[in-house]
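Quick note: the sequence shown uses my numbering, first residue 1, plus one each step. Heads up, the beta-carbon is just placed ideally off N, CA and C, and yes, glycines get one too. Predicted model only: the values in this text are computed from it and were never measured.
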Amino acid sequence: MTRTLLAAFAAALALAAPAAATLPISPNGSSLGEGIPLKAYTTITPTVHLFGDVVTARLAIVADTKLVDPTRLRVATDFAPYKQLRRPTVVTIQIGRFAQVTWTWLLRCLTTPCVPIVPPSDHFHVFRFPPAHITYLSAAGRTAYGIDATWPRVEAMSQVSPGVAAFLEQTHHLNWRFQLAPVAAPTYRLSPTLLYRLALGGAALLLLLATALGWRWYRVLRPARVSADGGPTGTPLERALALLAWAHARGDETLQRKALERVAGELPVETPLPEVDELSRTARELAWSSRTPEDDEVETFSERARVTGRPGGAEDAPE
């Protein structure tokens with residue numbers, strides 16, 4: 001199984017660009033052959049891409065772990081004018097004496113140097129990145145030796161195909177322009193400050209309008225208040241007598257009895273007068289009588305009670 005994996009790994013790296021450097025030769029040999037402690041391979045996919053596409057760059061180092069400690073490997077590289085989308089990922093795989101450490105970068109270029117508009121062609125741009133430098137540190141943290149790994153060249157193609165570009169150049173459907181001048185400051189038909197103030201004023205106006213409509217709606221739907229001047233007038237005794245007259249006129253016996261009881265309770269009691277006591281007793285007798293009071297009885301009683309309730313009326317009440 002181990003040999004199968006190593007064979008597959010060697011086949012995959014056969015197409016990659018090998019490192020070019022002088023390494024210390026181990027007299028006892030190494031698992032990589034030729035007595036060298038490590039080998040480096042670089043790949044870029046895709047090597048031909050359209051402008052703005054993402055490119056993946058990988059650097060794989062295969063080392064003999066008896067001669068190399070993978071944790072002491074350091075890599076320095078430059079992909080200008082391409083920019084890294086994020087920090088490179090580092091993956092370490094070890095099988096027996098073999099160890100593989102792979103650095104992976106995601107690159108993209110959206111700036112002017114990557115626009116394919118310069119010779120030798122108007123439709124592609126070729127980039128050759130500086131070699132990646134691999135440094136191996138000693139146990140003391142100093143540089144023991146280093147090697148360089150050459151990157152394959154990268155070709156950035158235009159998003160416009162050559163056929164479309166030739167057609168546009170012949171027909172002049174588009175007027176191609178290329179300017180590096182800075183973009184002019186934005187202009188506004190209406191000042192942003194003025195627009196902000198107008199919006200704030202409009203919001204305040206709408207708020208006032210909503211408040212006025214809400215108050216009008218409240219005035220229409222709220223319960224009407226009863227004015228003190230519009231309520232029933234007169235003393236409590238007069239109101240009780242008015243209720244008695246109303247109940248007697250309607251023939252409501254139950255309400256008439258209740259009105260009589262209320263009249264008895266409203267008769268003045270500040271001064272104990274025989275006339276008031278007699279009138280109060282008559283009201284309760286009529287209220288609790290088993291028979292319905294006659295009309296003349298109710299009218300006579302009402303008149304006597306009305307006179308008695310007036311100031312000084314108890315002395316003038318009819319017998």
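For this session: Please list, in chain order, all residues of the same chain as R108 whose beta carbon is under 8 angstroms from its beta carbon, the five residues on each side excluded.
Result: Counting from 1 along the sequence shown, the entry for residue 108 is found at position 108. Cβ neighbours of R108 beyond the five flanking positions: G52, D53, V54, V55, Y82, K83, L85.
For this session: With DSSP as the reference, label G33 as helix, strand or coil.
Result: As a working note, residue 33 is residue 33 in the sequence shown. In the structure shown, G33 sits in coil (DSSP, three-state: anything other than H, G, I, E or B).
For this session: With a floor of 3 residues, list each beta strand (DSSP E) that falls wholly inside the segment 112 to 161, ordered by position along the chain.
Result: Those beta strand (DSSP E) runs which fall completely within the segment 112 to 161 and span 3+ residues are 124 to 127, 132 to 137, 143 to 149, 154 to 157.
For this session: Note down the Cα distance separating L59 from Q100, rounded to an integer number of angstroms.
Result: What you label residue 59 is simply residue 59 of the sequence shown in a count that begins at 1. What you label residue 100 is simply residue 100 of the sequence shown in a count that begins at 1. If I take the Cα positions, the gap works out to 10 angstroms.
Exercise. When the Cα of R87 is compared with those of L168, T77, I93, which residue comes out closest?
Worked result: Locating residue 87 in the sequence shown gives position 87, counting from the first residue. With distances taken between Cα atoms, R87 lies closest to T77.
For this session: Measure the alpha-carbon distance for Q94 versus S158 and round it to whole angstroms.
Result: Working through the sequence shown from its first residue, we reach residue 94 at position 94. Working through the sequence shown from its first residue, we reach residue 158 at position 158. The C-alpha of Q94 lies about 42 angstroms from the C-alpha of S158.
For this session: Consult DSSP for T43 and reduce its assignment to one of helix, strand or coil.
Result: On the sequence shown, residue 43 is found 43 positions in, with the first residue counted as 1. Residue state, collapsed to three classes: strand.
Exercise. With 16 as the cutoff for other CB atoms within 10 Å, does P24 come out buried or exposed?
Worked result: In the sequence shown, residue 24 corresponds to position 24, counting from 1. Answer is exposed; the Cβ neighbour count stays below 16.
Problem set entry | Spatial distance of D295 from S280 (CA atoms) | In the sequence shown, counting from the first residue as 1, residue 295 sits at position 295. In the sequence shown, counting from the first residue as 1, residue 280 sits at position 280. About 18 angstroms.
Exercise. When the Cβ atoms of the segment 61 to 70 are set against those of the segment 36 to 47, are three or more pairs found closer than 8 angstroms?
Worked result: yes
Exercise. Is the distance from the Cβ of A283 to the Cβ of V307 below 8 angstroms?
Worked result: The residue given as residue 283 occupies position 283 in the sequence shown. The residue given as residue 307 occupies position 307 in the sequence shown. It is not a contact, given that the beta carbons lie outside the stated cut-off.
Problem set entry | Reference R321; option with closest CA among L195, L267, F167 | The question about residue 321 has no answer here: the residues shown for the chain are numbered 1 through 319.
Exercise. Using DSSP with H/G/I as helix, E/B as strand and the rest coil, what is R98?
Worked result: Here residue 98 is taken as the residue at index 98 of the sequence shown, counted from 1. Arg is not the amino acid found at residue 98; the sequence shown has Phe there. For F98, the three-state secondary structure derived from DSSP is strand.
Problem set entry | For W103: DSSP bridge partner residues | Taking the sequence shown and counting its residues from 1, the one referred to as residue 103 is at position 103. DSSP output for W103 lists L59, V90 as bridge partner(s).
Exercise. Should W217 be labelled buried (16 or more other beta-carbon atoms within 10 Å of its own) or exposed?
Worked result: Taking the sequence shown and counting its residues from 1, one reaches residue 217 at position 217. Label assigned to W217: exposed.
For this session: May I ask you to report which of helix, strand or coil DSSP gives K83?
Result: The residue labelled residue 83 in the question sits at position 83 within the sequence shown. In this structure, K83 counts as strand in the three-state DSSP scheme.
Problem set entry | DSSP state of L213 mapped onto helix, strand, coil | Counting from 1 along the sequence shown, the entry for residue 213 is found at position 213. Helix, per DSSP.
Exercise. Alpha carbon to alpha carbon, how far is E285 from E278?
Worked result: Start at 1 with the first residue of the sequence shown, and residue 285 comes out as number 285. Start at 1 with the first residue of the sequence shown, and residue 278 comes out as number 278. In a straight line, the C-alpha of E285 is about 10 angstroms away from that of E278.
Problem set entry | Length of the line joining the Cα atoms of P186 and P70 | In the sequence shown, counting from the first residue as 1, residue 186 sits at position 186. In the sequence shown, counting from the first residue as 1, residue 70 sits at position 70. Approximately 54 angstroms, taken between the alpha carbons.
Problem set entry | When T300, S302, G265, E253 are compared against S290, the one with the closest alpha-carbon | Taking the sequence shown and counting its residues from 1, the one referred to as residue 290 is at position 290. It is E253 whose Cα lies nearest to the Cα of S290.
For this session: Kindly list the residues whose CB is nearer than 6 angstroms to the CB of L50, restricted to its own chain and excluding five residues on each side of it in sequence; keep chain order.
Result: Here residue 50 corresponds to residue number 50 of the sequence shown, with the count starting at 1. Excluding residues within five positions, the ones whose Cβ falls inside 6 angstroms are M157, Q159.
For this session: Report, in whole angstroms, the separation of the C-beta atoms of S155 and V126, which I expect to be a contact under 8 angstroms.
Result: The residue labelled residue 155 in the question sits at position 155 within the sequence shown. The residue labelled residue 126 in the question sits at position 126 within the sequence shown. The displayed chain sequence assigns Glu, not Ser, to residue 155. The distance from the Cβ of E155 to that of V126 is about 5 angstroms, consistent with a contact at the 8 angstroms cut-off.
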